[in-house]
Amino acid sequence: MNMPTEPAVLMQAEGQTSSVASDPTLRDRLIEAGILIDTGENGLYGRSEVFEDVVDRLNKVITLLGADQSAEVLRFPPAMRRHDFEDSEYLKSFPDLAGTIHAFQGNDRGHHRLLEALDKTLAVGDQERSDEWMDQQKPTRLVLTPAACYPVYPLIARRGKLAEEGAIVDVFAYCFRHEPSIDPGRMQMFRMREYIRVGSPAQVMAFRQKWIERGSALVRLLQLPFEIDLANDPFFGRGGKIVADSQREQQLKFELLVPVATPNKLTACLSFNYHMEHFGEIWNIQQTDDSLAHTACVGFGMERTTLALFRHHGLDVTKWPEAVRTFLWGDAAPMIADALARTGTNA
Ligand code: ATP
Ligand code: ZN
1 MNMPTEPAVL MQAEGQTSSV ASDPTLRDRL IEAGILIDTG ENGLYGRSEV
51 FEDVVDRLNK VITLLGADQS AEVLRFPPAM RRHDFEDSEY LKSFPDLAGT
101 IHAFQGNDRG HHRLLEALDK TLAVGDQERS DEWMDQQKPT RLVLTPAACY
151 PVYPLIARRG KLAEEGAIVD VFAYCFRHEP SIDPGRMQMF RMREYIRVGS
201 PAQVMAFRQK WIERGSALVR LLQLPFEIDL ANDPFFGRGG KIVADSQREQ
251 QLKFELLVPV ATPNKLTACL SFNYHMEHFG EIWNIQQTDD SLAHTACVGF
301 GMERTTLALF RHHGLDVTKW PEAVRTFLWG DAAPMIADAL ARTGTNA
């Protein structure tokens, strides 16, 4: 069932993004300033105290923004059951992004082979290192979480039929995607804060619309230029193009985009996704009337939004605009109440 979100509210281009450029030097400047720590691998960074402080404060204002949702707060480690992951069909759509967890599970002889292979690996220069020792590694029952909401759907399904009001869940986790890049906005391990809605199509669509407005209000309070646009996920392969086109046609995914580091391209800092009954069907999540539940999620890219703040307000957080400082370091509650009253999405 296709229920497009109101275009009038969606296409509220803020009219500022085109005049504000992305900054391809951002990664180097952040590393130079010690705000991000280079590990030697593209897309894998250490975070400094100042970076983490901004992430924490963003996380807090997102909590305030969703305080009226009475969401169930759940926190999962950055791994999920392989079993649930297999069911999720992630491998059908994004086999290139997934990360699996392997471990040594052999005996003494296997250990011997492992060490021999490792010796060979270490004997050669850094560039030609082989991965022969990994032949001794076997899959575990865990995989890395690709999106913070993935552990939630099977859990909700295991609880049985939904209540009349459906469910709203709040998650926050490190996620893994195998997409090494020198774009600091495209990391391999990054955090997503998400609110997830499970319920009837009407409940789920209202939720997504509400969060498009609230997400916009948040980014406006952060004084970042942005646009909301229709989007698609990077479905794999030739068949993927058809799926992506269909996702767009049905207006299932919207993104809030900000100029960050990629030249001539905006970066998706928030995503608003409507999965229709995709997850409801996979895990048989039922509504009170036995029909399949629909789901939606809003994802806040914590690193990307933090990077956007450094890009637009500078590397010295003490010099950020006064109102942004008050919002993140002072009393955000009245500012949020005011913004919600304006969007008309409070309570
Ligand atoms: P993109 O289109 O740029 O690959 P996405 O729209 O596929 O991103 P989602 O799957 O919707 O991303 O993930 C939710 C949020 O997680 C995104 O809005 C973004 O802020 C963040 N995110 C996604 N991929 C990355 C990444 N590689 N590094 C940092 N943040 C990311
Ligand atoms: Zn999600």
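Residue numbers for the sequence shown, in full-length UniProt numbering: 1 to 347. Ideal placement from N, C-alpha and C gives every residue a C-beta, glycine not left out.
Worksheet item: Can you tell which of Gln286, Met205, Asp131 has its C-alpha closest to the C-alpha of Pro154?
Response: The shortest C-alpha separation from Pro154 is found at Gln286.
Discussion item. By the three-class DSSP mapping on this structure, what secondary structure does Leu252 have?
Written reply: Here Leu252 sits in coil by DSSP.
Discussion item. Would Val143 and Arg75 be called neighbours here (beta carbons separated by less than 9 Å)?
Written reply: No, Cβ-Cβ distance for Val143 and Arg75 is not below 9 Å.
Fill in: Buried versus exposed, by CB contacts within 10 Å (16 or more), Pro151
Counting of Cβ neighbours within 10 angstroms places Pro151 among the buried residues, the total reaching 16 or more.
Worksheet item: Contact check, Ala148 vs Glu194 under 8 Å by CB: the rounded distance?
Response: That belief holds up - the Cβ atoms of Ala148 and Glu194 are roughly 5 Å apart, short of 8 Å.
Worksheet item: Quick one: Cα of Pro24 to Cα of Pro184, how far?
Response: When only Cα atoms are considered, Pro24 and Pro184 end up about 9 Å apart.
Worksheet entry | Any heavy atom of the ligand ZN within less than 7 Å of residue CB: hits in chain order | So the residues near the ligand ZN by this Cβ test are Ala147, Ala148, Cys149, Glu194, Ile196, Asn273, Cys297, Gly299.
Discussion item. Buried or exposed for Gly344, going by 16 or more other Cβ atoms inside 10 Å?
Written reply: Counting Cβ neighbours within 10 Å, Gly344 comes out exposed, since fewer than 16 surround it.
Fill in: Lys210: first and last residue of the uninterrupted alpha helix (DSSP H) it sits in
Per DSSP, Lys210 belongs to the alpha helix (DSSP H) from 201-221.
Item to complete: Return helix, strand or coil for Tyr90, following the three-state DSSP convention.
Response: In the three-state DSSP reduction, Tyr90 falls in the helix class (H, G or I).
Worksheet item: In the structure shown, what three-state DSSP assignment does Thr305 receive?
Response: Three-state DSSP puts Thr305 in a helix.
Worksheet entry | Phe172: first and last residue of the uninterrupted beta strand (DSSP E) it sits in | Its beta strand (DSSP E) spans residues 167-176.
Discussion item. Do Leu252 and Glu227 count as a contact pair if the criterion is CB distance below 9 Å?
Written reply: For Glu227 and Leu252, no; Cβs fall outside 9 Å.
Worksheet entry | Inter-residue CB distance, Leu309 and Leu222 (contact presumed, cutoff 8 Å) | With a Cβ gap of about 6 Å, Leu309 and Leu222 count as contacting.
Worksheet item: Are Ser88 and Phe279 touching if we call contact CB-CB under 9 Å?
Response: Yes, the pair counts as a contact, with Cβ atoms nearer than the cut-off.
Fill in: N-terminal and C-terminal residue of the beta strand (DSSP E) that Glu227 is part of
227-231 is the extent of the beta strand (DSSP E) around Glu227.
Worksheet item: Within 10 angstroms of its Cβ, does residue 368 collect 16 or more other Cβ (buried), or is it exposed?
Response: In the structure displayed, the chain extends from 1 to 347; residue 368 sits before or after that span and is not available.
Fill in: Residues bridged to Cys297 [DSSP beta-bridge criterion]
Residue pairing from DSSP places Cys297 in a beta bridge opposite Ile196, Asn273.
Fill in: the ligand ATP heavy atom lying under 8 Å from the CB of Leu270
Leu270 has its CB nearer than 8 Å to a heavy atom of the ligand ATP.
Worksheet entry | Rounded Cβ spacing between Ser291 and Leu256 (contact assumed at less than 8 Å) | That pair is no contact at about 31 Å.
Practice prompt. Compute the distance between the beta-carbons of His294 and Ser200, then report whether it is under 9 Å.
Written response: In this structure, Ser200 lies closer than 9 Å to His294 by Cβ.
Worksheet item: Per DSSP, Ala79 is paired with what?
Response: The secondary-structure analysis by DSSP pairs Ala79 across a beta bridge with Leu144.
Item to complete: Output the distance between the C-alpha atoms of Leu218 and Gly110, rounded to the nearest integer angstrom.
Response: Distance between the alpha carbons of Leu218 and Gly110: 54 Å.
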